[in-house]
Amino acid sequence: NAGVMQNPRHLVRRRGQEARLRCSPMKGHSHVYWYRQLPEEGLKFMVYLQKENIIDESGMPKERFSAEFPKEGPSILRIQQVVRGDSAAYFCASSRQEVETQYFGPGTRLLVL
Amino acid sequence: LAKTTQPISMDSYEGQEVNITCSHNNIATNDYITWYQQFPSQGPRFIIQGYKTKVTNEVASLFIPADRKSSTLSLPRVSLSDTAVYYCLVGDRGGSSNTGKLIFGQGTTLQVKP
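For the protein sequence lines, the chains are A and B, in the order given. Numbers given in my numbering equal positions in the first sequence, counted from 1, plus 553. Numbers given in my numbering equal positions in the second sequence, counted from 1, plus 874.
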């Protein structure tokens, strides 16, 4: 049973470009969560999605960031017009139900030059 | 929202038993205690979860006193590969304290030395 998949593992962007991070949850999991970890800090919740629905986006910056989890395909975290402060590790987690253990992917490390 | 407090760092040597204590004075009646482990450059990994008394699995043991205001993660005979950050979370069975959100503190950085 494959775990949570994230790609790319590493992403380099120049300021002003767009970054698209993908997450495929574990098989049978319909709940997806995105977290961000800045250098030398703990993980911070960003957004919680179920298929085609955003349940909680209270941790997501109001501008430039968006997330989706379509009926078919992976969840996408999109960052428009990236700035250096967006450089971080972005982790995706999934669970089968809301009140169940979250399993994390390996993360995408975004570097903004 | 139950807040957790744990030591920022701990050192140990290979073969020793390591105990990491987490304080959660405001834990609610329905709350569980969940521990995650994070290796450098990897995502967090679920280690163990408990509600009261003692829970043991192949990786660790979790001791929870009767008042549940604290808990202790015990790692038997650590090796160099146990060097990681260990996070204590209090919340529902998923570890969440608010609608699916996992709230991670700074965690405890365990350094295992040869």
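Even glycine gets a Cβ: it sits at the ideal position worked out from N, Cα and C.
Residue 924 (chain B) sits in a strand when the DSSP states are folded into three classes. Within chain A, not a single residue places a beta-carbon under 9 Å from that of residue 901 (chain B); the smallest gap is close to 17 Å.
Between residue 949 (chain B) and residue 616 (chain A), the alpha-carbon positions lie close to 43 Å from each other. Runs of the beta strand (DSSP E) spanning 3 or more residues and lying entirely within the segment 954 to 987 of chain B occur at 958 to 965 and 982 to 987, in chain order. For residue 652 (chain A), the chain B residues whose Cβ falls inside 7 Å of its Cβ are 966, 967 and 968, in order along the chain.
Taking a C-beta distance under 7 Å as the contact criterion, residue 908 (chain B) and residue 979 (chain B) do not qualify as a contact pair. Pairwise C-beta distances place the segment 563 to 574 of chain A out of contact with the segment 588 to 602 of chain A, as fewer than three of them are shorter than 8 Å.
Contacts between residue 647 (chain A) and chain B, judged by CB atoms closer than 8 Å, are missing: the closest CB pair is about 11 Å apart.
Per the coordinates, the alpha-carbon of residue 976 (chain B) lies some 6 Å from the alpha-carbon of residue 969 (chain B). Exposure of residue 666 (chain A) is indicated by the presence of fewer than 16 other C-beta atoms within 10 angstroms of its C-beta. Interface residue (Cβ-Cβ distance to chain A less than 7 Å): residue 877 (chain B) is not classified as such.
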